[in-house]
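Residue numbers (the working numbering): 9 to 237.
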């Protein structure tokens, strides 16, 4: 089984000073999230209850929105000056909010021994400043059909497999017939990020970030790999 790590493109970003509620010495934090599935809300409620038990002077108010509407609503809140104190961002939108000055520098709140996977933490820095904390990341796993590998005469995957090994095995299995596919993975745009990282040679921009290189041979082959096998 080949394991690679990828950060889920979801973060919790801290925005600004907490709003003060009417009750004296009580602070209310407004938290906005697009992860509104019932099981997630149950988990979130458990987390909030534990947080409030440790911080009795803080109350957390949660609001949710469907993912399709979330960023439109969030943008409207930012423009109107009514931005939530804490909100979720996916990585695709993180850089935009960090660059336009919406997010608070929280580097001073993160100690050196903070329980975060270092690379995940680094992913949410912009121009060397920590603007967000990673909420989750997961392991990308490869599952394979041993029968198809046997039929194609291909050795099973190993921990030292390269991109070339994977594509050659996929091509051999694809050749078994029109109704047999050598590789499956989702084709959403965020899956392309993973494939580009796995390929290694596919870079979206040149070294000084002045030119797009997404049409390079390496990136083209990465996209072909996603749809051809």
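Glycine is no exception: its CB is placed at the ideal position from the N, C-alpha and C atoms.
Alpha carbons only, please: which of 169, 231, 184 is nearest the one belonging to residue 199?
Looking at the Cα atoms, 231 is the closest of the given residues.
Can you list, in chain order, the residues of its chain with a C-beta nearer than 6 Å to that of residue 106? Leave out the 5 residues immediately preceding and following it. Result list for residue 106: 134, 139, in chain order.
Quiz item: Quick one: complete alpha helix (DSSP H) runs, 4+ long, within the segment 95 to 164?
Solution: 99 to 107, 126 to 130, 154 to 160
Open item on the list: Just to confirm my understanding: we take residue 103, look at its own chain, exclude 5 residues before and 5 after, and list those with CB closer than 8 Å. What are they?
Closed with: 134
**Asked** Secondary structure at residue 29, three-state DSSP: helix, strand or coil?
**Response** Residue placement at residue 29 is poorly supported in this model, since its pLDDT is 41, which falls under 50; the coordinates are not used for a value here.
Review point. Does DSSP put residue 67 in a helix, a strand or coil?
Key: strand
- Item | alpha helix (DSSP H) segment containing residue 54, residue limits | Run containing residue 54: 46 to 62, per the alpha helix (DSSP H) assignment.
Report task. Give me the Cα-Cα distance between residue 54 and residue 61, rounded to the nearest whole angstrom. Result -> 11 Å
task = Check whether the Cβ atoms of residue 204 and residue 190 sit closer than 8 Å, and answer yes or no.
result = no
Taking residue 188 and residue 156 to be in contact with their CB atoms under 8 Å, please state how far apart those CB atoms are, rounded to whole angstroms. 7 Å
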